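Here the structure is laid out as structure tokens; the discussion comes afterwards.
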Amino acid sequence: MLASPLPKSKHSPRERRSLSNDTSNQRLGLKSTAQGNPSRPGSPRAPKSTASESEPRAALLFQQIPVLKVDNTVLNQSTAIARYLAREAGLVGRNSLEQAQADAIVDTINDFMNLFPWTEKNPAVKEKIMEDVFANKIPLLLDGLSKLLGNQMWFVGDSVTWADFHWAVCSITLTNLNVDILHNYPKLLALKERVEALPKIAAWIEQRPKTPL
Ligand SMILES: N[C@@H](CCC(=O)N[C@@H](CS)C(=O)NCC(=O)O)C(=O)O
């Protein structure tokens, strides 16, 4: 991924990186979810990406981050990037329905995360919206996700998908904003911890650059 001197992201670089690294089931020590493994010729097992901390904003087609360079192709839109990486890694779901279920979870989480006033400049307005989102909106998300998960290990089917990864990442943002927010959702907390305990994810968390975000 490219980093550029733009305003702070709603997801930290570390969180975004956690979506885009070491995601294949094989590399995670899990059985493959069959769909999306790049067995076709010319399709890289893991996308080659190049990054530059000093890439100028003007070089970005839409002047937004994140972007992912795969060879000579530049992909924008974080969800499209995450879905591409998940597809390459076999983490999108075993069949078309599972893939739609995973997509729906990611889109739902994004809908709620987008309610936060990430770019609001006025502190008083920002605080008021934050309070409203935490009081009236986030409980809907957490209740729904908790019911959806039930007693399953993973959100979709019987193996991890990028929907679980997305939850693990976004739940960090939520708890950074409100440390108590998951206290009443032990199953969702346990899911986040399950993702973070996957051997390759745990290894990456250990070795990744330590940043303030
Ligand atoms: N829907 C896009 C949103 C991208 C976006 O808003 N990026 C922000 C940082 S989180 C940005 O680059 N803002 C700079 C600007 O718009 O000037 C995505 O998910 O990638």
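Our numbering puts the first residue of the sequence shown at 1362, with every later residue one more than the last. Ideal Cβ placement from N, Cα and C applies to all residues, glycine included. As the structure is a prediction and not an experimental result, all values here were calculated from the model.
Got a sec? Which residues, its chain only, sit under 8 Å from residue i by beta carbon, not counting five neighbours each side?
i, result
"Asn1483", "none"
"Lys1498", "Phe1473 and Leu1476"
"Ser1532", "Leu1543, Leu1549, Leu1550 and Lys1553"
"Val1556", "Val1521, Asp1525, Phe1526, Trp1528, Ala1529 and Ile1562"
Within a Cβ cutoff of 6 Å, which residues of the same chain sit near residue i, ignoring the five residues on either side of it in sequence?
i, result
"Leu1436", "Leu1429 and Ile1442"
"Ile1466", "Phe1516 and Ala1524"
"Leu1502", "Phe1473"
"Ser1326", "Look at the range of the chain in this structure, 1362 to 1574, and you will see that residue 1326 is not part of it."
"Gln1568", "none"
"Pro1478", "Lys1487 and Ile1490"
Could you give the first and the last residue of the continuous beta strand (DSSP E) run that contains residue i?
i, result
"Thr1434", "Thr1434 to Asn1437"
Got a sec, what are the start and stop residues for the alpha helix (DSSP H) residue i sits in?
i, result
"Asn1537", "Trp1523 to Leu1538"
"Gln1568", "Pro1560 to Gln1568"
So, at 7 Å on beta carbons, what are the nonlocal neighbours of residue i in its own chain, with the 5 sequence-adjacent residues on each side left out?
i, result
"Ser1507", "Tyr1546, Lys1548 and Leu1549"
"Asn1539", "Phe1495"
Cβ contact check for the segment 1481-1496 and the segment 1427-1437: 3 or more pairs under 8 Å: no
Validate contact between the segment 1519-1539 and the segment 1467-1479 using beta carbons, cut 8 Å, 3 pairs: yes
Given 8 Å, three or more beta-carbon pairs between the segment 1515-1522 and the segment 1452-1464: yes
Secondary structure, beta strand (DSSP E): runs of 3+ residues fully inside the segment 1427-1513: 1428-1431 and 1434-1437
Cβ pair count under 8 Å reaching 3, the segment 1548-1555 against the segment 1498-1516: yes
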